[in-house]
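Novice: Numbering (the numbering used here), first residue to last: 10 to 440.
The C-beta atom is built at its ideal place from N, Cα and C for all residues, glycine as well.
Source: prediction; values computed, not measured.
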Amino acid sequence: MADSTKTAKLTIDGKDYELPIHSPTAGPDVLDIRKLYAQAGVFTYDPGYTSTASCDSTITFIDGDEGVLLHRGYPIDQLAAKSHYLEVCYLLLYGELPSPSELEDFEHRVTNHTMLHEQMMNFFRGFRRDAHPMAVMVGVVGAMSAFYHDSTDINDPWQREVASIRLIAKMPTIAAMAYKYTIGQPFEYPRNDLDYASNFLRMCFAVPAEDYVVNPILSRAMDRIFTLHADHEQNASTSTVRLASSSGANPFACIAAGIACLWGPAHGGANQACLEMLKEIGTPDRIPEFIARAKDKNDPFRLMGFGHRVYKNFDPRATVMKESADEVLELLGVENNPTLQVAKELEKQALEDPYFADKKLFPNVDFYSGIILEAMGFPTSMFTPIFALSRTVGWVSQWKEMIGDPQNKIGRPRQLYLGETARDYVDIEKR
Ligand code: ACO
């Protein structure tokens, strides 16, 4: 926790209270209200935590107005261009870029944990074939706590380390198997001679009947999608993981909670919702109708893939993702794909519309990632599982940081109660 030299004065009913102000290494100052209730007997009210820092962290920094995203200080565009997912995983987990031998060792450790306990296959088989792969992932990741007993003691740093590696290593296997199960194909086991992204593509698209050769451009694009989704500071799913683990719950259960939160259409589910929306629009001539609906206060419809709680200028991940989309579509020769045509025209028309400019609504990362994933051959139902596997390292890094923080205490928000005050029970015959 940064030292506080500044203070703020709060006056309630003529009485003054001094609140320490912490200055971060970057970003706005933070008012420390931890002792407010004890001293002044009041709570603060902030639904959606729009002005509340829930923790201190050294992992990721976002400046939403400037469109800045830094992991351990390194800008996301540099990481996307020069690094790769497993190196970014190392950076997020341990705080520094690895030396060549550290990277080799880390990759080896991840690669050696990619297989699932064979008994876990029964979990997949317990689901209906039409289950959403996110439903399968929530269940199977939660079930890991019943299989890996030697990495559930959160008070043992070694077990925390093993749990972290297991989660990063096994998540692609779980996501790919969830997919294979829902399309009725046999599971493909991981291959440790392939890099992380190629292995995932192979587990999704290989079949026993024929050889599958990974295209290096697609594997690079896949790796970039993983990298761009690796962490995003205290977003809803990460905060869910932190809140779940604040009670001392085991890591696999906490990550399952994060996956459940990510699934929602306002968060990780937006990439699926966005592509479905583009398909529903169908042709560019219908775009004005959908833009009008998005602007209509009486219509709950929103343009999926537009807007962000933090980015109010541009999403730096979207810039890189857009370039990647162009590359992949050209490679696959699908630049004239109708969904893509709608996406490009929608982006243009929305950005020219004062409604979106005034409300600072820009395409977010999900707007472009869905287009790439569809071109690669993934069904929309796999978009959010891919986000979940990418974000696992962020969840795990934030979880490790929290467990190692001596200030860590159970998360327990307060409320502004607006219900009935105490009243006497009325017997049923008198109601
Ligand atoms: N389409 C139309 N209008 C929108 C949109 C949108 N996509 N997003 C926000 N608005 C409008 C709201 O109606 C609101 O208008 P008002 O002030 O007149 O009431 C205003 O913009 C602010 O919206 P909020 O919901 O208050 O903004 P918030 O920061 O809470 O929400 C969110 C951010 C949830 C991402 C929102 O923009 C949204 O629902 N977007 C579509 C879903 C989406 O793409 N989610 C992905 C997020 S990125 C990620 O998780 C990786």
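Using 8 Å as the cut-off, can you tell me whether the stretch 222-235 makes contact with the stretch 321-336, which would need three or more C-beta pairs spanning the two stretches below that distance?
Specialist: At 8 Å Cβ cutoff, the stretches touch.
Novice: Using 10 angstroms around the beta-carbon of L382, count the other beta-carbons present and answer buried if the total reaches 16, otherwise exposed.
Specialist: buried
Novice: Locate the alpha helix (DSSP H) running through T393, then write down its first and last residues.
Specialist: 392-412
Novice: Cutting at 8 Å between CB atoms, please list the residues of its own chain near S254, excluding the five before and the five after it.
Specialist: I163, P260, C263, W408, M411, I412.
Novice: Could you check whether F115 and Y99 sit closer than 7 Å to each other, using their CB atoms as the reference points?
Specialist: Cβ atoms of Y99 and F115: closer than 7 Å.
Novice: Would you say L176 touches the ligand ACO, meaning its beta carbon is less than 6 Å from a heavy atom?
Specialist: no
Novice: If T348 and I300 are in contact, beta carbons under 8 Å, what's the gap, nearest whole angstrom?
Specialist: Rounded, the Cβ-Cβ distance is 17 Å, inconsistent with contact.
Novice: State yes or no: is the C-beta of A275 nearer than 6 Å to some heavy atom of the ligand ACO?
Specialist: yes
Novice: Given 8 Å as the limit, is there contact between the stretch 239-253 and the stretch 123-130, that is, 3 or more CB pairs closer than that?
Specialist: Three or more Cβ pairs closer than 8 Å define a contact, and the stretch 239-253 falls short of that threshold against the stretch 123-130.
Novice: How far does the alpha helix (DSSP H) with V77 in it extend, from its first residue to its last?
Specialist: Per DSSP, V77 belongs to no alpha helix (DSSP H); it is in the beta strand (DSSP E), 77-80.
Novice: If you draw a straight line from the C-alpha of F310 to the C-alpha of P293, how long is it?
Specialist: 18 Å
Novice: Between which two residues does the beta strand (DSSP E) containing E27 stretch?
Specialist: 24-31
Novice: Out of R251, E113, V145, Q194, which has the shortest C-alpha to C-alpha gap to I205?
Specialist: For the sequence presented, residue 205 should be read as Tyr rather than Ile. With distances taken between Cα atoms, Y205 lies closest to E113.
Novice: Kindly indicate which residue of I226, G428, A366, K15 has the alpha-carbon position closest to the one of E339.
Specialist: It is I226.
Novice: Are the stretch 179-197 and the stretch 140-154 in contact at 8 Å, needing three or more beta carbon pairs?
Specialist: At 8 Å Cβ cutoff, the stretches touch.
Novice: Which residues bound the alpha helix (DSSP H) around K44?
Specialist: Per DSSP, K44 belongs to no alpha helix (DSSP H) and is neither H nor E.
Novice: Would you check whether the ligand ACO has a heavy atom nearer than 6 Å to the C-beta of D74?
Specialist: no
Novice: If distances are taken between C-alpha atoms only, which option among K24, D25, Y46 comes closest to P422?
Specialist: Y46
Novice: Cβ of N373 versus every heavy atom of the ligand ACO: is any distance shorter than 6 Å?
Specialist: yes
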